[in-house]
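Notes to accompany the following structure.
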Amino acid sequence: MTERTSSYAVFLFPQALEALGEPIKPYLIDGAGGAHIVCAEVDTSGPLFGMTLQGKDQEGMPSELEIMLPHAMVRLVMSVHSEHGFGFKPTLA
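Per the working numbering, residue 84 is the first one in the sequence shown, and the count goes up by one each step.
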């Protein structure tokens, strides 16, 4: 049995990163394509572009963070898919 997971890499325009400043920096990941935000969900249907990020709170419990910003700040959204196997790991004798 496999579990399919997906996430999104959201790239912002350099001017957007400059305008958002320090508050956005903890959520940026540097990669080959440049700094981006990895999120579990995106919502492009409203007046603002919504991103839902998965994380853990100070006690280590799962938590969600939603970031909303103007659509004009978003340069590119990439959908990332992966499949993870689920089951028993073979043991070597």
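Even glycine gets a Cβ: it sits at the ideal position worked out from N, Cα and C.
Owing to the predicted nature of the structure, the values given are computational and were not obtained by experimental measurement.
Residue pairing of Lys139 in beta bridges, as defined by DSSP: Pro145.
With distances taken between CA atoms, Phe94 lies nearest to Ala115 out of Pro145, Pro130 and Ala115.
Residue pairing from DSSP places Leu131 in a beta bridge opposite Pro153. Using a C-beta cut-off of 8 Å, the region 102-109 makes no contact with the region 121-131, since fewer than three inter-stretch Cβ pairs fall below that distance.
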